[in-house]
Amino acid sequence: MIDVLFGDVLYSNQLNINTQDVIKKMSEPRKAEIHKSKDKPKSDASLYVLEEKQHATLKKIIDAEIYEYANNIMKYNSKFNITTSWFTEVDTKERGDLHKHTNSFLSGVLYLNVNKKSGNITFEKFTDEISVTCTEYNKLNGKTYSIQPENGLILLFPSKLWHSVGYNESEQIRNSLAFNVMPVGKVGLSSSDSHMKIKLV
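Quick note: the sequence shown uses the working numbering, first residue 70, plus one each step.
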């Protein structure tokens, strides 16, 4: 499913996967963007979990979703590689601060262990130079848009979109997998002085 959000395309799909099986194989989750009121979060976990052998099948599934979004829906004529990927966990009464992903073209999240009280992901818009009021607000003219996560739900969106994670009001840890994506090879028109060749190492 696609939504137009602040002029950008947000992609979502419900994957037919066993999320608990993914959690069992999960590397140490990262908390670099999750902030507690007192304690500093840990940030020493892997940023390349989808390169690990135990997640090879999961990576193939996510790659297929990326190409569905990028090539079939957006009609981008490029190849795409996942550059970084990491597991996250949000404990009770924790939240994820507002942020965006730099040095990245697309970003995504796959929800693994969530419920209705785990905290929504909220996208925010800050680019209006002239602000006008509306008779009603929707995905086209609003400044915020929230999605309630579900186990197996994958979201793909432009990395420039600011987003945050609401407070986890449930009694269980919220687990997800986040990742960033870049186009590879020749990007842009060859006749333009703004084209480039991207090679990932």
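Just so it is clear, CB atoms sit at the ideal spot from N, CA and C, and this is done for glycine as well. Remember, it's a predicted structure, so these values are computed and weren't measured experimentally.
Minimum Cα-Cα distance from Ser173 among the listed residues Ser154, Val91, Asn82, Lys129 corresponds to Ser154.
The alpha-carbon of Asn150 is positioned some 24 Å away from that of Leu74.
DSSP lists Lys148 as the bridge partner or partners of Val253.
Fully enclosed beta strand (DSSP E) runs of no fewer than 3 residues occupy 190-193, 213-216, 222-227, 231-234 of the segment 177-244, in order along the chain. Note that the segment 136-152 does not touch the segment 188-198; fewer than 3 beta-carbon pairs, one per stretch, sit closer than 8 Å.
One alpha carbon belongs to Lys128, the other to Lys229, and they sit about 23 Å apart. With respect to the C-alpha of Asn244, the residue from Thr157, Asn82, Ile71, Tyr117 having the closest C-alpha is Thr157. Residue Ile131 holds the alpha-carbon nearest to the alpha-carbon of Ile86 among Phe226, Ile131, Gln217, Tyr80. The C-alpha of Lys148 lies about 14 Å from the C-alpha of Asn249. A straight line joining the alpha-carbon of Gly177 with that of Val201 spans about 31 Å. Nearest in C-alpha terms to Val253, of all of Leu167, Asp262, Tyr136, is Tyr136. Between the beta-carbon of Ile216 and that of Asn82 there is about 13 Å, and that puts the pair past the 8 Å contact cut.
The Cβ atoms of Arg164 and Val234 sit closer than 8 Å to each other.
A straight-line Cα-Cα distance of about 43 Å links Asn220 and Ser261. In the three-state reduction of the DSSP assignment, Asp132 falls in the helix class. Rounded to the nearest whole angstrom, the C-alpha separation of Met70 and Leu209 is 16 Å.
When the alpha-carbon of Asn207 is set against those of Pro218, Glu198, Tyr80, Lys194, the nearest one is in Lys194. CA-to-CA, the gap between Thr126 and Glu238 works out to about 32 Å. Apart from the 5 residues on each side of it in sequence, Asp72 sits with its Cβ closer than 7 Å to the Cβ of Leu79, Lys208 in its chain, given in chain order. Ranking Leu258, Pro227, Gly211 by CA distance to the CA of His168 puts Pro227 first. Between the alpha carbons of Glu240 and Gln123 lies a distance of about 28 Å.
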